[in-house]
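One structure is given below, encoded as structure tokens.
In the working numbering, the protein residues as written are 6 to 122.
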């Protein structure tokens, strides 16, 4: 997540949609520079259904995102669930996590950002 001098946000967004019957993974790019009549969500690098790797209920899940020169690899509980290449945003910015589903409850533990050399 980054905001320029005009307070315009740009960011990448990885989401896990955990429905009762099927989980789904999405990786998207948000470009706040779009005109007001344009959709700021840019073409989705990937979107697909998940398998049985996502734990349901109160079981903990481990999510790992590896970024290397515009190549993103997404791993959930040890299984690669997607990868994409998008090098539009190369500047540094903030990292965040959020929950946006009515009735959802999430606890984050051991949140780490590791810079690979």
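All residues carry an ideal CB built from backbone N, CA and C; glycine is no exception.
Exercise for the section: Decide yes or no for the touch test of the region 35-46 against the region 69-83: beta carbon pairs closer than 8 Å, at least 3 of them. Expected result: Judged by Cβ distances under 8 Å, the region 35-46 makes no contact with the region 69-83, as fewer than three pairs qualify.
Practice task
Kindly provide the ranges of any beta strand (DSSP E) runs that are 3 or more residues long and lie completely inside the region 25-77, ordered along the chain.
Solution key: Along the length of the region 25-77, whole beta strand (DSSP E) runs at least 3 residues long occupy 28-36, 46-54, 68-73, reported in chain order.
Handout entry: Where the beta strand (DSSP E) through residue 84 begins and ends
Key = In the chain shown, the residue the question calls residue 84 occupies position 79. Bounds of the beta strand (DSSP E) holding residue 84 are 84-90.
Practice task
Measuring alpha carbon to alpha carbon, tell me which of 70, 94, 55 ends up nearest residue 29.
Solution key: Counting from one through the chain shown, the residue named residue 29 turns up at place 24. Checking every option, the nearest Cα to that of residue 29 belongs to 55.
Exercise for the section: Tell me, please, which residues DSSP counts as bridged to residue 104. Expected result: Position 99 of the chain shown, counting from 1, holds the residue named residue 104. Looking at the DSSP assignment, residue 104 forms no beta bridge with any residue, so it has no partner.
Practice task
Would you tell me roughly how many angstroms separate the C-alpha atoms of residue 69 and residue 20, rounded to the nearest one?
Solution key: As a first step, residue 69 must be located in the chain shown, where it is residue number 64. As a first step, residue 20 must be located in the chain shown, where it is residue number 15. Taking the straight line from one Cα to the other gives about 12 Å.
Practice task
Check residue 81 in the structure and name its three-state DSSP category.
Solution key: For the purposes of this step, residue 81 is taken as residue 76 along the chain shown, with counting starting at 1. Three-state DSSP puts residue 81 in a strand.
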